[in-house]
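Participant:
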Amino acid sequence: MKIDVLHIAKLANLPLSKEEIEKYQKQLSSILEYIEKLKKAKTDNIIETSQVTNLENVTKKDEPTPSLSQNEAIANSNNTQNGSFKVKAIFE
Amino acid sequence: MRLNDLTIKQAKQGLRNKEFSSEELVKTCLDVIEKRNKSLNAFITVCKDEALDKARKADDLLKNGQDLPLLGIPIAAKDIFSTKGIRTTAASKVLDNYIPQYDATVIRKLKDTGAIIVGKTNLDAWAHGSSGENSDFGPTKNPWNEEYVPGGSSSGSAVSVASGMALGATGTDTGGSIRLPASFTNTVGLKPTYGRVSRYGIIAMASSLDSIGHFTKTVEDSALILGVTAGKDEFDATTPSETVPDYQTSLTKRIKGLRIGVPKEYVSGQEGVTAEVKANFNESLKTLEKLGAEIIDISLPNTEYGIACYYIIQPAEVSSNLARFDGIRYGNERESFGDEAKRRIMLGTFTLSVGYYDAYYKKAMKVRTLIINDFEKAFEKIDAIASPVSPTKPWKIGDKTNDPLKMYLSDILTVNCNLAGIPGLTVPSGFIDKLPTGIQFLGPKFSEDLLFRIGHAFEQETKFYEKKAYET
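Here is the structure:
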């Protein structure tokens, strides 16, 4: 199985160098080759497991409780303005 | 004997009897960190001043007769647990300046019961790895022989306990990240039932697999910490309201008559459990028999699919969890991700992408059901399972770094437990070429008390924990 590394990197928003693209091409293919063994497993009529707790519809009361202040919430950002996160322009 | 050689239980007694102060105890740990961290690289951040300050406060409380489960005890935290005001990096350059504004639930509980956080330990970045070598802050070394890996991903936490830098340490186990390093460092490692301990405030790796546990010298200490950390948390919807038993009471019960299953696929499978590991494991089985347990051969037929299943589900969840790191609200931009994180993001993004989802992700979720069914069927006939932890002894630093698949296969005996969400306990089982090795006990969900009982009986009979890394 050959992975289109460039396409996947774009989906994952990962900047990759040319060397990395070649390296991942090779490494990911060998991992996928190993993973192919799952095809042997008989899974007709088997239900998928997405979580193991068996808990359903866990809710809590919708009541406001103390939370981070605005300053605390933005404290770790490298780029803020007037107490907000600053992001790149989306529209020209 | 140095103060930091004490178990938590012994240290508690000493503190209560005024044989020494918490400040003295914490200082002894900080001294070892100062002397040995340069070479062992177990800590990313050391909280010297805060720890000493808290120790003095603990001493005041002790003087007033306060009795809390961990009052005055120095504990290390894997640097993936959010600690308010203390840098938390997940050992990734993406977060090298990140300072959490709140404590993880486990950290809060440890602090509330008097524990003193001495520092934040090194790990494979984002907990991705089996050796500790994937850290963006350099590999952690094994104190038993610094040319060898200590196991990962909770490498620094294991080493901090093994070398007397803390009396206990927190860890996370998504595919073996507590059990494997415990077995490589002669420490006790607990991976609780999925959901038993809150994940809130712990930087997520693979959310359906992440289990929050810890390292200690003894099983008794492990039970003591779980008594603090376990329980429902309104901030983590996967924690059930299942009561937390008193883990100390059942600890000393005999194990005579318990039925312990040995899965044939774990010891004679095609995936290369080495002869020396098998020999050590067989010795351990003899000990269990001597203690009155009945050893029963069992089969977990879907074991061989474990790693393949895990390396679809886990990277898929990783790619989704790491998508939030965009460099806007916190942390650096995505080019700061290291090699292994990028690899897992790519793998996960691929298996979740259009056209491949059914063949990979959906198939893996079905195989996960088969693996769960295997365990459930087995536990109808037996009380617990015993197996080796790592198929090999610790390997030399650098041996597997160029071959990711080879590294992934190190987890072959540990990942199925995570896929099934059941608990696992690693206890020291001796040495191979002077390097530690361990045995793991697995049980049905919420059977931690049973695992502690088996582990305690095994440990008290063998007493490998009494051997210290620096004596070699």
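In order, the protein sequences belong to chains A and B. Numbered per the numbering used here, the first sequence spans residues -6 to 85. Numbered per the numbering used here, the second sequence spans residues 4 to 475. Even for Gly, the Cβ is constructed at its ideal location relative to N, Cα and C. Computed from a predicted structure; not experimentally measured.
1. What's the call for F340 of chain B, buried or exposed, on a 16-neighbour Cβ count within 10 Å?
2. So what's K81 of chain B in DSSP terms, helix, strand or just coil?
3. For a quick check, are the C-beta atoms of W398 of chain B and V152 of chain B less than 8 Å apart?
4. Roughly how many angstroms lie between the CA atoms of E451 of chain B and L48 of chain A, to the nearest whole one?
5. Counting only C-beta atoms, is A5 of chain A closer than 8 Å to chain B at any point?
6. By the 7 Å beta-carbon criterion, what residues does the region 364 to 393 of chain B contribute toward chain A?
7. If you draw a straight line from the alpha carbon of T475 of chain B to that of R39 of chain B, how long is it in whole angstroms?
8. Assuming the contact rule is C-beta atoms closer than 8 Å, L454 of chain B and A381 of chain B should be a hit. Round their C-beta distance to whole Å, please.
9. If you measure from the beta carbon of S23 of chain A to each beta carbon in chain B, is any gap under 8 Å?
10. Strictly under 8 Å for the Cβ-Cβ distance: is S70 of chain A near chain B by that measure?
11. Which residues in the same chain have their Cβ closer than 7 Å to the Cβ of L(-1) of chain A, if we skip the five residues on either side of it in sequence?
12. What are the boundary residues of the alpha helix (DSSP H) that H0 of chain A is part of?
13. Residues in its own chain within less than 7 Å of Y101 of chain B by CB, not counting five upstream and five downstream?
14. Under a CB-based cut-off of 8 Å, is S85 of chain B close to chain A?
15. Rounded to the nearest angstrom, what separates K369 of chain B and A54 of chain B at their Cα positions?
16. Among B:S393, B:P394, B:F328, B:D236, which has the Cα closest to the Cα of D99 of chain B?
17. What residues in the region 238 to 258 of chain B have a beta carbon less than 7 Å from any beta carbon of chain A?
18. Just grab the DSSP bridge partners of N145 of chain B for me.
19. According to a CB-to-CB cut-off of less than 7 Å, which residues of the region 194 to 228 of chain B neighbour chain A?
20. Say whether chain B places a C-beta atom closer than 8 Å to the C-beta of A2 of chain A.
21. Looking at the secondary structure, which residues open and close the beta strand (DSSP E) in which H217 of chain B lies?
22. Residues in the same chain with beta-carbon distance under 6 Å from A460 of chain B, minus the five sequence neighbours each way, listed in chain order, please.
23. Taking 8 Å as the CB-CB cut-off, is F84 of chain A touching chain B?
24. Which of the three DSSP states is assigned to A387 of chain B in this structure?
25. Buried or exposed: which applies to D377 of chain B, given that a residue is buried once 16 or more other Cβ atoms fall within 10 Å of its Cβ?
26. What do you reckon, are the CB atoms on I(-4) of chain A and L31 of chain A nearer than 8 Å?
27. In whole angstroms, give me the CA-to-CA distance for K87 of chain B and E237 of chain B.
28. Please return the same chain residues whose Cβ sits closer than 7 Å to the Cβ of V231 of chain B, not counting the five positions on each side in sequence.
29. Going by the CB atoms, is the gap between G179 of chain B and T219 of chain B shorter than 8 Å?
30. Find out if the Cβ-Cβ distance for the pair N78 of chain B, A169 of chain B is shorter than 8 Å.
31. Could you compute how far the alpha carbon of L28 of chain B sits from the alpha carbon of K60 of chain B?
32. Cα-Cα, which of B:I385, B:V109, B:D249, B:T277 is closest to K81 of chain B?
33. Could you check how far apart the C-beta atoms of P8 of chain A and R337 of chain B are, in whole angstroms? I think they sit under 8 Å.
34. On the criterion of 16 or more Cβ atoms from any shown chain inside 10 Å, does K403 of chain B qualify as buried, or is it exposed?
Facilitator: In brief:
1. Position 337 of the second sequence holds residue 340 of chain B. Result: buried.
2. Residue 81 of chain B sits at position 78 when you count from the first residue of the second sequence. The answer is strand: DSSP assigns K81 of chain B an E or B state.
3. Looking up residue 398 of chain B in the second sequence gives position 395. Looking up residue 152 of chain B in the second sequence gives position 149. Their beta carbons are under 8 Å apart, which means W398 of chain B touches V152 of chain B by this criterion.
4. The count along the second sequence starts at 1 and reaches residue 451 of chain B at position 448. The count along the first sequence starts at 1 and reaches residue 48 of chain A at position 55. Those two C-alpha atoms are separated by around 20 Å.
5. Residue numbering aside, residue 5 of chain A sits at position 12 when the first sequence is read from its first letter. Closer than 8 Å: yes.
6. K365, K366, A367, M368, K369, V370, R371, T372, L373, I375
7. For the purposes of this step, residue 475 of chain B is taken as residue 472 along the second sequence, with counting starting at 1. For the purposes of this step, residue 39 of chain B is taken as residue 36 along the second sequence, with counting starting at 1. Caution is warranted here: a pLDDT of 42 is assigned to T475 of chain B, below 50, making its placement in the model unreliable, and no coordinate value can be reported.
8. Reading the second sequence from its first residue, position 451 is the one you call residue 454 of chain B. Reading the second sequence from its first residue, position 378 is the one you call residue 381 of chain B. That pair is no contact at about 15 Å.
9. As a first step, residue 23 of chain A is located in the first sequence; it is residue number 30 there, counting from the start. Taking Cβ atoms only, chain B reaches closer than 8 Å to S23 of chain A, which makes this a yes.
10. The residue you call residue 70 of chain A lines up with position 77 of the first sequence. Chain B contact via Cβ: present.
11. One-based indexing of the first sequence puts residue -1 of chain A at position 6. For L(-1) of chain A, where only same-chain residues beyond five positions count, the Cβ hits under 7 Å are I14.
12. Counting from one through the first sequence, the residue named residue 0 of chain A turns up at place 7. Unbroken alpha helix (DSSP H) run through H0 of chain A: -2 to 4.
13. Residue 101 of chain B sits at position 98 when you count from the first residue of the second sequence. Around Y101 of chain B: R90, T91, T92, Y333, G334.
14. As a first step, residue 85 of chain B is located in the second sequence; it is residue number 82 there, counting from the start. By this cut-off, S85 of chain B is not an interface position.
15. On the second sequence, residue 369 of chain B is found 366 positions in, with the first residue counted as 1. On the second sequence, residue 54 of chain B is found 51 positions in, with the first residue counted as 1. C-alpha separation (whole angstroms): 47 Å.
16. Position 96 of the second sequence holds residue 99 of chain B. Of the candidates B:S393, B:P394, B:F328, B:D236, the one whose C-alpha sits nearest the C-alpha of D99 of chain B is B:F328.
17. A240, T241, P243
18. On the second sequence, position 142 is the one that residue 145 of chain B refers to. N145 of chain B pairs with B:N148.
19. Y197, G198, S211
20. Numbered from 1 along the first sequence, position 9 holds the residue referred to as residue 2 of chain A. Cβ-Cβ to chain B under 8 Å: yes for A2 of chain A.
21. Position 214 of the second sequence holds residue 217 of chain B. Residues 214 to 219.
22. Counting from one through the second sequence, the residue named residue 460 of chain B turns up at place 457. Closer than 6 Å at Cβ, skipping near neighbours: I258, L294.
23. Position 91 of the first sequence, counted from the first residue, corresponds to residue 84 of chain A. Chain B contact via Cβ: absent.
24. Counted from its first residue, the second sequence places residue 387 of chain B at position 384. If DSSP states are grouped into helix, strand and coil, A387 of chain B belongs with the strands.
25. Taking the first residue of the second sequence as position 1, residue 377 of chain B is located at position 374. Buried, since its Cβ has 16 or more Cβ neighbours within 10 Å.
26. On the first sequence, position 3 is the one that residue -4 of chain A refers to. On the first sequence, position 38 is the one that residue 31 of chain A refers to. The answer is no: Cβ separation not under 8 Å.
27. On the second sequence, position 84 is the one that residue 87 of chain B refers to. On the second sequence, position 234 is the one that residue 237 of chain B refers to. Rounded to whole angstroms, K87 of chain B to E237 of chain B spans 19 Å at the Cα level.
28. Here residue 231 of chain B is taken as the residue at index 228 of the second sequence, counted from 1. Excluding positions up to five away in sequence, the list reads P72, L73, K112, L113, T116.
29. Numbered from its first residue, the second sequence carries residue 219 of chain B at position 216. Numbered from its first residue, the second sequence carries residue 179 of chain B at position 176. Going by C-beta atoms, T219 of chain B is not nearer than 8 Å to G179 of chain B.
30. As a first step, residue 78 of chain B must be located in the second sequence, where it is residue number 75. As a first step, residue 169 of chain B must be located in the second sequence, where it is residue number 166. Here residue 78 of chain B turns out to be Ile, not Asn, going by the sequence shown. Result yes, Cβ atoms of I78 of chain B and A169 of chain B sit closer than 8 Å.
31. Here residue 28 of chain B is taken as the residue at index 25 of the second sequence, counted from 1. Here residue 60 of chain B is taken as the residue at index 57 of the second sequence, counted from 1. So the alpha carbons of these two residues sit roughly 13 Å apart.
32. As a working mapping, residue 81 of chain B is identified with position 78 in the second sequence. Residue B:V109 is the option with its Cα nearest to K81 of chain B.
33. On the first sequence, position 15 is the one that residue 8 of chain A refers to. On the second sequence, position 334 is the one that residue 337 of chain B refers to. About 7 Å; that satisfies the 8 Å criterion.
34. Position 400 of the second sequence, counting from 1, holds the residue named residue 403 of chain B. Buried, by the Cβ-count rule.
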